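Enquirer: In the UniProt record's numbering, the protein residues as written are 1 to 149.
Here it is, the structure in full.
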């Protein structure tokens, strides 16, 4: 069950591989995510010291957040992956010119998970081609729907 999707990632990148990672969250963050107060639009993933971190994701604190803490909406959050996967990802990012982007947040057996994608950047003409393809498919569907009547 998806919480939030990063549509901008699919517009800006070719997604080659997907990985599912756990997220280290504080209590107020989990409550805010369950309330749907999260954004992944400007977020990205980085590998540092054989660990993976999520930067730039914005989780707005609820008004009922605890009074004894000061919530930081854009703090860096650690992602949990197996060490073999982290090594594989860091090697591809360093050598092959790939980047890591968060694709979505979703629930899995009650836990909040982050799907990250190993991606290559799109050029401007690739983005235009994808948009033309989308428009063409939309027109074809409209004609087929009209012919059924």
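Beta carbons: idealized from backbone N, C-alpha and C, even for Gly.
Here the structure is a predicted model, which means the values were calculated and not measured.
Would you say residue 78 and residue 53 are within 9 angstroms of each other, going by their C-beta atoms?
Expert: Cβ distance < 9 angstroms, so residue 78 and residue 53 count as in contact.
Enquirer: Quick one: grab the DSSP three-state call for residue 149.
Expert: Coil.
Enquirer: Assuming the contact rule is C-beta atoms closer than 8 angstroms, residue 56 and residue 74 should be a hit. Round their C-beta distance to whole Å, please.
Expert: Confirmed, about 6 angstroms.
Enquirer: CA-CA distance, residue 32 and residue 64?
Expert: Roughly 10 angstroms separates the two Cα atoms.
Enquirer: Quick one: measure Cβ to Cβ for residue 101 and residue 130, integer angstroms, because I've assumed they're closer than 8 angstroms.
Expert: Not a contact, Cβ separation roughly 16 angstroms.
Enquirer: Work out the CA separation of residue 13 and residue 123 for me, nearest whole Å.
Expert: Looking at the two C-alpha atoms, the distance is approximately 9 angstroms.
Enquirer: State the start and end residues of the unbroken alpha helix (DSSP H) segment that holds residue 93.
Expert: Element bounds for residue 93: 83-96.
Enquirer: Relative to the C-alpha of residue 11, which residue among 49, 69, 41 is closest?
Expert: Nearest option by C-alpha distance: 41.
Enquirer: Count the other CB atoms within 10 Å of the CB of residue 121; is the residue buried (16 or more) or exposed (fewer)?
Expert: Looking at its Cβ environment, which holds fewer than 16 other Cβ atoms inside 10 Å, residue 121 is exposed.
Enquirer: Looking at the unbroken beta strand (DSSP E) that takes in residue 20, where does it start and where does it end?
Expert: First-last of the beta strand (DSSP E) with residue 20: 13-23.
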